[in-house]
Amino acid sequence: MSAENPTAPHRVTRLSVSVEKSGSAYVSVPFEVPKAATRFDLRYSYPKSDNCIIDLGLGDPDLTDFPSKQGLVGWSGGARSAVFIAMDDASPGYAPGLRPGTWQVLLGLYRLPDHPVTVEIEITFDPAPREEANRPARPKIASSGPGWYRGDLHCHTFHSDAKGSPERLHGTALREGLDFLAVTDHNTTTAHMAYFDRASSPDLIFVPGYEFTTAQGHGNIFGARTVEDFRAETDRDVAAMIARIQAKGYLFSVNHDKPNIPWNYPFPGADCMEVWHAPWLSGNHFCLERYQAKLSDGQRLTAIGGSDLHQPATDDSGNLATLARPCTFLYCNDLSVEGILDALRNGRSFVTEAPGGPRLLLSVGDTIHGGEIRSAPTIPLSYQTSGAAGDTLEVWDATGCICTTDLTSNSQSGVLPLTAAKGFVRGQIVANASRAALVAAGQAHVAAGKGGRLDWSQAWDKPALRALTSPIYVT
Ligand SMILES: [Zn+2]
2 MSAENPTAPH RVTRLSVSVE KSGSAYVSVP FEVPKAATRF DLRYSYPKSD
52 NCIIDLGLGD PDLTDFPSKQ GLVGWSGGAR SAVFIAMDDA SPGYAPGLRP
102 GTWQVLLGLY RLPDHPVTVE IEITFDPAPR EEANRPARPK IASSGPGWYR
152 GDLHCHTFHS DAKGSPERLH GTALREGLDF LAVTDHNTTT AHMAYFDRAS
202 SPDLIFVPGY EFTTAQGHGN IFGARTVEDF RAETDRDVAA MIARIQAKGY
252 LFSVNHDKPN IPWNYPFPGA DCMEVWHAPW LSGNHFCLER YQAKLSDGQR
302 LTAIGGSDLH QPATDDSGNL ATLARPCTFL YCNDLSVEGI LDALRNGRSF
352 VTEAPGGPRL LLSVGDTIHG GEIRSAPTIP LSYQTSGAAG DTLEVWDATG
402 CICTTDLTSN SQSGVLPLTA AKGFVRGQIV ANASRAALVA AGQAHVAAGK
452 GGRLDWSQAW DKPALRALTS PIYVT
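Residues in the sequence shown are numbered from 2 upward in steps of one, following our numbering.
Structure follows, in structure tokens:
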């Protein structure tokens, strides 16, 4: 299976492996890293097509069978056909650092035709002297006191399948005036290691994390600086992986459970649900239906939003689907990674269409979103809205919509006496006066070919939301 070419300036290993549909979703191909190597360059090739997509990753000698506690060096999915690892550097998506021993090429069989497929792998080793990578410590940052802070919880850089750099994404976050940003590349945290861990400032906190990504579903992990083994193949594997993530103090969010990119595993004991993914009209009424059903079943889930921006290589201001569309507001005790995770864990959130979008706050006495109140024949629900004159406030419980109020001014508040609310109360602002403009903008976006692989077609006649809250739970 392997052959060496002793006459080449550097040692080369060539591997050829046949993969087919019937087996595991991941195949490991071992190779030896010689003692003298300080860098290797790997390229792989196969007959790539719409129905043949094979992802790439690497494991070092610590990697065991799933679930491996350590040893995942990196993952580039289908984004790169060549990667390198060196003592002092590595391709985006991969951690620097090299040591001799048996490594593994990880092939993710994302999509395969009915016949076997041959994958050719070539690895070139370089012995030139190199220093070990030395990463400065990340600064400890916490700023300002308790308050509502705004950010985005889902975006990508060229450390996975986006074109844009971490620096450019940082610039986009500054442009949008965000207080926090969770950067969630696919199955890798190297954007944090290489850049974001040291880029946080008192007024813009980068939250570590990544997007668990398989052909059956995506979910964000918030708080993690290392990737939990993602080679889950069964429903049980996924449930156990999520339990391991949560036991480490990280949070799990089910992402974009909507047509084309659904969550196909059983619904887990997640902390959050990305109820609003990319602009509302790109199929988010499906996510909301599923969210409402989970809440009605008694599950507690923080409602969050994520733009899923794949940062372009150039400035994308003015794009309807840029960063923070939608924008998530969190009530944090302070603006720090811990403060943000605590708000997410405890449901203190609302999601709005943009950083300057309508705001919606609900409370019962001192209890806000995510809190708990006792059931009572009448619940006095206070609301505060801004930026939604002409639209409608709806309040939902486990039985459905139980109250609507017309918003006649851009700054409206009041108290709604709710009768016999069941399970929870949550709010949403539904476009009314603003609806025609939202639909026209969405249709123009799709007509311009910017709709991506999202399904916009079923949303034109559905309610268009402008803001929504996590619930106040009624026990
Ligand atoms: Zn995704």
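Just so it is clear, CB atoms sit at the ideal spot from N, CA and C, and this is done for glycine as well.
{"Query": "Contact test: histidine 311 Cβ vs ligand 1 heavy atom, cutoff 6 Å", "Result": "no"}
{"Query": "Nearest-angstrom beta carbon gap, leucine 417 and glutamine 385 [assumed within contact, 8 Å]", "Result": "At roughly 12 Å, the Cβ-Cβ gap does not stay under 8 Å, so glutamine 385 and leucine 417 are not in contact."}
{"Query": "Limits of the unbroken alpha helix (DSSP H) element including alanine 1", "Result": "A query on residue 1 cannot be resolved here, the shown segment of the chain reaching from 2 to 476 and no further."}
{"Query": "CA-to-CA distance, leucine 296 to glycine 424, given in whole angstroms", "Result": "8 Å"}
{"Query": "CA nearest to the CA of lysine 141, picked from Val276, Val338, Ser350 and Ala241", "Result": "Val338"}
{"Query": "Cβ of leucine 455 within 7 Å of any chain B Cβ", "Result": "Among the chains in the structure shown there is no chain B, since it carries only a single protein chain."}
{"Query": "According to DSSP, residues forming a beta bridge with glutamate 132", "Result": "Beta-bridge pairing links glutamate 132 to no other residue."}
{"Query": "Whole-angstrom distance between arginine 454 and glutamate 373, CA atom to CA atom", "Result": "39 Å"}
{"Query": "Classification of glycine 366 by the beta-carbon crowding that lies within 10 angstroms, buried from 16 upward", "Result": "exposed"}
{"Query": "Pairwise C-alpha distance: isoleucine 55 and proline 327", "Result": "32 Å"}
{"Query": "At least three beta-carbon pairs within less than 8 Å, the region 260-267 to the region 420-437", "Result": "no"}
{"Query": "Exposure of glutamate 168, with buried meaning 16 or more beta-carbon neighbours within 10 Å", "Result": "exposed"}
{"Query": "Presumed contact (8 Å Cβ cut-off) between isoleucine 86 and phenylalanine 41, rounded CB distance", "Result": "6 Å"}
{"Query": "Ligand 1 heavy atom lying under 6 Å from the CB of histidine 219", "Result": "yes"}
{"Query": "Residue burial classification, glycine 415 (beta-carbon count within 10 angstroms, cutoff 16)", "Result": "exposed"}
{"Query": "Alpha-carbon to alpha-carbon, aspartate 407 and tyrosine 196", "Result": "46 Å"}
{"Query": "Contact test: asparagine 265 Cβ vs ligand 1 heavy atom, cutoff 6 Å", "Result": "no"}
{"Query": "Uninterrupted alpha helix (DSSP H) stretches inside the region 103-176 (no shorter than 4 residues)", "Result": "167-176"}
{"Query": "Boundaries of the beta strand (DSSP E) in which glutamate 477 is found, first to last residue", "Result": "This structure cannot speak to residue 477, because the chain is shown only from 2 to 476."}
{"Query": "Rounded separation between asparagine 256 and tryptophan 277 - CA only", "Result": "9 Å"}
{"Query": "Short Cβ contact (7 Å threshold) for aspartate 153 with alanine 325", "Result": "yes"}
{"Query": "Own chain partners of threonine 189 with C-beta closer than 7 Å, once the 5 adjacent residues on each side are dropped", "Result": "Gly75, Trp76, Gly94, His160, Ser161, Tyr211 and Val228"}
{"Query": "For serine 17 and glutamate 133, believed in contact at Cβ under 8 Å, the rounded distance", "Result": "Wrong, their Cβ atoms sit about 33 Å apart, outside the cutoff."}
{"Query": "Three-state class that DSSP yields for leucine 417 in the structure shown", "Result": "strand"}
{"Query": "Closest by C-alpha distance to alanine 216, when choosing among Met194, Ser69, Tyr111 and Ser471", "Result": "Tyr111"}
{"Query": "Three-way DSSP call (helix, strand, coil) for glutamate 229 in this model", "Result": "coil"}
{"Query": "Span separating the alpha-carbon of serine 3 from that of valine 20", "Result": "Model confidence at serine 3 stands at a pLDDT of 43, short of 50, so the residue's coordinates are unreliable; what they give is reported in the following sentence. Approximately 17 Å between the Cα atoms of the pair."}
{"Query": "Neighbour-count burial assignment, tryptophan 104, 16 or more Cβ in a 10 Å radius", "Result": "buried"}
{"Query": "DSSP three-state assignment for glycine 388, whether helix, strand or coil", "Result": "coil"}
{"Query": "Which listed residue (Leu342, Leu57 and Pro35) has its alpha carbon closest to that of arginine 44", "Result": "Leu57"}
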